[in-house]
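**Student:** Sending over a structure as structure tokens; questions will come in a sec.
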Amino acid sequence: STGEEVVELGSRLKPGQVYDSTKPMLMTLLSSYGAAPIDLGLAPDDPEIIAEKISRGIEEADMVIVSGGTSVGERDLVPEAVSRAGRIVVHGLAIRPGKPIGFAISSGKPIFMLSGFPVAALVGFQALVVPAIERILGCAFDPPPRVRGKLTRRISSPPGIRTYVRVRIFKDEDGEVMIEPLRVTGSGILSTLTRGNGLLIIPEDLEGYDEGSEVEVELLSPIFEGG
């Protein structure tokens, strides 16, 4: 994880600091897919230090994941650091959240640049990292279960963008499966991860779904009963 403002869980927060909630989430996800994550710690907003940690990761592991500092801006130095350690293949995908994520190669090993915001990092992990793990392990993971239900309200998406919407899946009083969109924006809001139990993916060629539309969503945890 990168950023001057990010500190490890359990540390005492100073004004302007935030806990690193993204790295523990990513390490847990990696373990769930059979990987053995190596914690390279935190790095300040210094391209040289970030590049050194990436190079160490390339030596010790099969892939490197860097979270934070991926947007185009004065303080977002990860792409610069990654370019020192490897060759950037792509920086920026037509997805929301997580548009500034990227992918690079060093010594034949992948480097993933994910958002420092946990929700966007989760989307980037599913979109880029999981397929890479499958390729490295030479296997294909079972896709998450899917369920169909009715949207409780309209949800929109910009044209040409694949949008990942956190949703709450529940059964109403009549036992009908309902899909409640939680939030499209706010990729750093953890409550949408804890409250949600599913993911609705709006493809690039659609601008959203109307209220009452029947949609198919990925089920991430059991359906809530009784609303």
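Residue numbers for the sequence shown follow the working numbering, beginning at -19 and rising by one.
Positions of the beta carbon are idealized from the N, C-alpha and C atoms, including for glycine.
The structure presented is a predicted model; accordingly, all values stated were derived computationally and were not measured.
1. Between the alpha carbons of Ile141 and Ala74, how many angstroms are there, rounded?
2. Which same chain residues end up closer than 8 Å to Tyr13 when comparing Cβ atoms and leaving out the 5 residues on each side of it in sequence?
3. Figure out for me which residue from Leu57, Leu186, Ile18 and Arg134 has the closest Cα to the Cα of Asp211.
4. Taking the C-alpha atoms as reference points, what is the distance between Ile34 and Thr8?
5. Below 8 Å on the Cβ atoms is my guess for Arg76 versus Thr2; work out the distance and round it to an integer in Å.
6. Can you give me the Cβ contacts of Val(-2) inside the same chain, cut-off strictly under 7 Å, excluding the 5 residues immediately before and after it?
7. Give me the residue from Val44, Phe97, Arg115 and Arg175 with the minimum Cα distance to Ser201.
8. With DSSP as the reference, identify every bridge partner of Met5, one or two as the case may be.
9. Would DSSP call Ser35 helix, strand or coil?
10. Give every residue of the same chain whose Cβ lies closer than 8 Å to the Cβ of Leu199, excluding the five residues on either side of it in the sequence, and list them in chain order.
11. Under 6 Å Cβ to Cβ from Tyr189, same chain only, skipping five residues before and after it: list those, please.
12. Between the Cα of Gly66 and those of Met43, Val197, Ile85 and Ile81, spot the shortest distance and give me the residue it belongs to.
13. Quick one: measure Cβ to Cβ for Ala6 and Phe105, integer angstroms, because I've assumed they're closer than 8 Å.
14. What does DSSP give as the partner residue(s) for Leu22 in the beta ladder?
15. Should Gly48 and Thr(-18) be called a contact, given that it needs their Cβ atoms to be closer than 8 Å?
**Tutor:** Taking the geometry as given:
1. Roughly 5 Å between the two C-alpha positions.
2. Val110, Ile113 and Phe121.
3. Summary: the structure shown does not reach residue 211, with the chain confined to residues -19 through 207, and so no result is reported for it.
4. C-alpha separation (whole angstroms): 20 Å.
5. Not a contact, Cβ separation roughly 18 Å.
6. Taken in chain order, the residues that qualify are Glu(-15) and Val(-14).
7. Checked all of Val44, Phe97, Arg115 and Arg175; the closest Cα to Ser201 is Arg175.
8. Met5 pairs with nothing; no bridge assigned.
9. Ser35: helix per DSSP, three-state reduction.
10. Cβ neighbours of Leu199 beyond the five flanking positions: Pro124, Pro125, Arg126, Val127, Ile149, Asn177 and Gly178.
11. Same-chain partners within the cutoff: Leu131, Ile135 and Val195.
12. Of Met43, Val197, Ile85 and Ile81, the residue nearest in Cα terms is Ile85.
13. A small correction: the amino acid at residue 6 is Leu; Ala does not occupy that position in the sequence shown. The C-beta distance from Leu6 to Phe105 rounds to 6 Å, short enough to fall under 8 Å.
14. The partner list for Leu22 (beta bridge, DSSP) is empty, contrary to what the question assumes.
15. Judged by their CB atoms, Gly48 and Thr(-18) are nearer to each other than the 8 Å cut-off.
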